[in-house]
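First comes the structure, then the notes that go with it.
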Amino acid sequence: MLPTLPDPVLAMATRGDDWAAYVDRVPRLLRELVEEWSLRPEGPVWWGHASVVLPVVDDDGSEVVLKVAFPDVETEHEALALRTWSGRGAVTLLRADPHRRAVLLERLERRDLTEEWDLAACETVARLYGDLHVPAPARVRTVASYVGSYVERMRALPVDGPLPHRMVEQWLAHVRDLVADKAGVTGGRLVHGDLHYENVLADPRAPGEWRVIDPHAMNGDPTWELAPMLWNRFEETAGDVHRSLRTRFETLVDTAGLDEDRARAWVHVRLLLNALWEVEEADAGRPVDRDYVTRMITVAKAVVG
Numbered sequence: 000m001l002p003t004l005p006d007p008v009l010a011m012a013t014r015g016d017d018w019a020a021y022v023d024r025v026p027r028l029l030r031e032l033v034e035e036w037s038l039r040p041e042g043p044v045w046w047g048h049a050s051v052v053l054p055v056v057d058d059d060g061s062e063v064v065l066k067v068a069f070p071d072v073e074t075e076h077e078a079l080a081l082r083t084w085s086g087r088g089a090v091t092l093l094r095a096d097p098h099r100r101a102v103l104l105e106r107l108e109r110r111d112l113t114e115e116w117d118l119a120a121c122e123t124v125a126r127l128y129g130d131l132h133v134p135a136p137a138r139v140r141t142v143a144s145y146v147g148s149y150v151e152r153m154r155a156l157p158v159d160g161p162l163p164h165r166m167v168e169q170w171l172a173h174v175r176d177l178v179a180d181k182a183g184v185t186g187g188r189l190v191h192g193d194l195h196y197e198n199v200l201a202d203p204r205a206p207g208e209w210r211v212i213d214p215h216a217m218n219g220d221p222t223w224e225l226a227p228m229l230w231n232r233f234e235e236t237a238g239d240v241h242r243s244l245r246t247r248f249e250t251l252v253d254t255a256g257l258d259e260d261r262a263r264a265w266v267h268v269r270l271l272l273n274a275l276w277e278v279e280e281a282d283a284g285r286p287v288d289r290d291y292v293t294r295m296i297t298v299a300k301a302v303v304g
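Using numbering that gives the first Met the number 0, the first residue of the sequence shown is number 0, and each one after it goes up by one.
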């Protein structure tokens, strides 16, 4: 007997028709996979922003988890990335059905880096970069193509719109320069893409060790990776936002030995992309969340100036 879907998972259906279809499909997918992969459910359903996770026991008695993700571009190559990393710095992939966006994973602790001091967490993540930024599989889309698809949309923003025109012009200049530098953008490196505090879990078999989960895999410059560590846990920077964020940024760059100028440019690009998505998703029935947009702009200014 499968557990029922919790309210936060059911609430995903309010995000739109595709999400409603996903929520409707999840119970059937879980039933099929539990049967096909000889699994036994163990406990209630967990969830993330775009997935459900069922703790299960496999046919040899090992405690593992079955994850079914929302089918979009971000989850397209999760299984491929995890297979490429093969447990080095990342959760170990045991089985996968990419068509159904399903993966069977080793079970890590439900303890993440939000429980660690933010700068210590930055050091941990920066050290993980070395394990994760391996040569990218050929099928993974490039950061250049992904970012390039937003150039015209960013350029079309009104001068007096919710994003400062100076920062939009700076964004366009950064993208032009970064994309022109093919080696730096395509780079051949596999990047996680959504590497922040909650996506790094403790390894129960190796005290003090951490593993990443939930990759949004792409092929690109390793400095693409930094921005989520800055915009997450933003509330903890209150009091001296600029100094706190700059210290995080410098900790990541220095510990990982990354190019500081490129890192600043990609941080600006990613923060303004977040703000653009918020502006685009707002419609007549929902005004722009100006607090969110302001937060993204504040983080970008703190790092880039």
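Idealized CB from N, CA, C, for every residue including glycine.
What you are looking at is a predicted structure, and each value in this text was computed from that prediction instead of being measured.
Just measuring C-alpha positions, the residue of Arg204, Ala201, Phe248 sitting nearest Glu224 is Phe248. DSSP places Ser144 in the uninterrupted alpha helix (DSSP H) bounded by 142-147. The three-state secondary structure of Asp111, taken from DSSP, is strand.
Distance from the CA of Glu41 to the CA of Val33, rounded to the nearest whole angstrom, comes to 11 angstroms.
The beta carbon of Ala80 sits closer than 7 angstroms to those of Leu189, Pro214, Ala216, all from its chain and outside the five residues before and after it, given in chain order.
For Met217, the enclosing beta strand (DSSP E) stretches over residues 217-219. Pairing Ala49 with Gly238, the inter-Cα distance amounts to about 32 angstroms. The Cβ atoms of Leu104 and Leu92 lie closer than 9 angstroms to each other.
Leu127 is positioned such that its CB atom lies no closer than 9 angstroms to that of Trp36. In the DSSP assignment, the residues bridged to Glu105 are Val63. Between the region 197-212 and the region 158-167, the count of Cβ pairs shorter than 8 angstroms is below three; the stretches do not touch. Secondary structure note for Val199: its beta strand (DSSP E) is the uninterrupted segment 199-201. Looking at Val298, Trp116, Val72, the one whose alpha-carbon comes closest to that of Arg138 is Val72. When the alpha-carbon of Gly88 is set against those of Ala201, Tyr21, Ala95, Val240, the nearest one is in Ala201.
Taking the Cβ atoms as the reference, Arg100 lies roughly 5 angstroms from Pro70, within the contact range of under 8 angstroms.
For the options Leu229, Leu65, Val44, Arg14, the alpha carbon positioned closest to that of Glu31 is the one of Leu65. For Pro157, there is no enclosing beta strand (DSSP E), as DSSP marks it with neither H nor E. Between the region 151-159 and the region 227-244, the count of Cβ pairs shorter than 8 angstroms is below three; the stretches do not touch. Contact between Ile296 and Ala274 holds, since their C-beta atoms are separated by about 6 angstroms, short of 8 angstroms. Beta-carbon to beta-carbon, Ala78 and Val102 are separated by about 5 angstroms, close enough to satisfy the 8 angstroms threshold. In the three-state scheme derived from DSSP, where H, G and I count as helix and E and B as strand, Leu257 is classed as coil.
Within the same chain, Cβ atoms closer than 6 angstroms to the Cβ of Ala255 are found at Ala125, Tyr128, the five residues on either side in sequence being excluded. Taking 9 angstroms as the cut-off, the beta carbon of Leu53 is found closer than this to the beta carbon of Trp45.
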